[in-house]
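No gaps in the numbering here: position 17 of the sequence shown is 1134 in the numbering used here, and each next residue is one more.
Heads up, the beta-carbon is just placed ideally off N, CA and C, and yes, glycines get one too.
Since the model is a prediction, treat every value here as computed from it, not as a measurement.
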Amino acid sequence: MIFHLNILWSFCQRSLLILCCVMWLYYPPQSAAQPVVELIMEPAAQEGTLSVERIRGGVNVFLNITGNWKQLSWQFQGPGRFSATEFGGVYLPPDALPTDAAPVSIAVTAIDPQGRKATDTLEFTLAQPFLSPTPAEPTPTPAATYTPPPTPTATMTPLATPTPEPTATPSPTPLPLTPAPTPTLAPVPQDALSAESHVKKAAEYLEKRQYTTPQGQNAFEEYQAALSIEPDNNAARKGVYDLARKYKYWGDDEYQKQNFQNAKNIYQRYIVVAEYLVSAFDDDAMRKNLEEVQVRLKGME
């Protein structure tokens, strides 16, 4: 009798152990860390209103996620087109809007191997203060009419040449006037200081993911300004090379996944940065990479 009870007890123990293993496989313990999904839009990650002119060239939307994901799905609402991929996408605004402003919503849902879901939504309003063709006409007209104002600056410089003509009598007066090169000496130290300020400004744009856009408000232009003032500025030079590496990596990744439209948009930005590095530093390795990307772009046309 005791022998049979021992056998029954051993069988129950093994059954309980097998049941625990099955429960562990199908119902794993929930960890404290929850899935994280973050949408970052270039040129600006903040929600708000963006003008069409500011994002006319397209807005790259990159997806940064932590954890192991088995499924990603996108939902897009609004005017324009959004081409989604596994890791991001490109939003292209329309050429015209039916109203003065229109809402745009880009949402992503991620599912991890345990079946947990995480979502994030990027919402902004698309405005069109610059869509009418009229602003394009005034821009050339002031360019033609305002070309004379630079001439006063040219006339101011010749004023220094007439001074030598009356040197016969008022020779003492032009001599004190010639020490006016002092204003040219003042900008020199200011330029040296402004190089660092450009680098700091570029760092602020990098935090906002404003790498090469929008025009006049991006890290690439700030690095260029710093290097034009101080060509040996290591921080600015490293910053430009980092931008080139980022765009090359993103473009290659999209190309390997056969997301050719995304790859073309990213490669075009890489070419702008790489061409500057080749011309500024005569970098043979960068020149070779640039030629390879240009050949690849032609193959995608």
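- Sequence-distant partners of V1389 (beyond 5 residues in either direction) whose C-beta falls short of 8 Å from its own C-beta, in its chain, are T1329 and F1337.
- With respect to the C-alpha of V1412, the residue from A1342, Y1208 and Q1385 having the closest C-alpha is Q1385.
- Rounded to the nearest whole angstrom, the CA to CA distance from S1127 to P1230 is 35 Å.
- Rounded to the nearest angstrom, the gap between the Cα atoms of K1317 and Y1358 is 16 Å.
- Going by beta carbons, L1344 and N1350 fall inside the 7 Å limit.
- Here A1219 carries a strand assignment [DSSP, helix/strand/coil].
- For D1369, the secondary structure class from DSSP, reduced to helix, strand or coil, is helix.
- Put simply, of I1383, R1404 and K1381 the residue whose alpha carbon is nearest the alpha carbon of E1392 is R1404.
- In this structure, A1361 and Y1387 form a Cβ contact; the two beta carbons are roughly 6 Å apart against a cut-off of 8 Å.
- Look at A1380 here: in three-state DSSP terms it is helix.
- Measuring C-alpha to C-alpha distances from K1363 to each of I1383, G1333, K1325 and A1312 identifies I1383 as the nearest.
- Bounds of the alpha helix (DSSP H) holding D1401 are D1401 to M1417.
- Comparing C-alpha distances from V1410 to each of W1367, Q1327, F1241 and D1399 shows the shortest one belongs to W1367.
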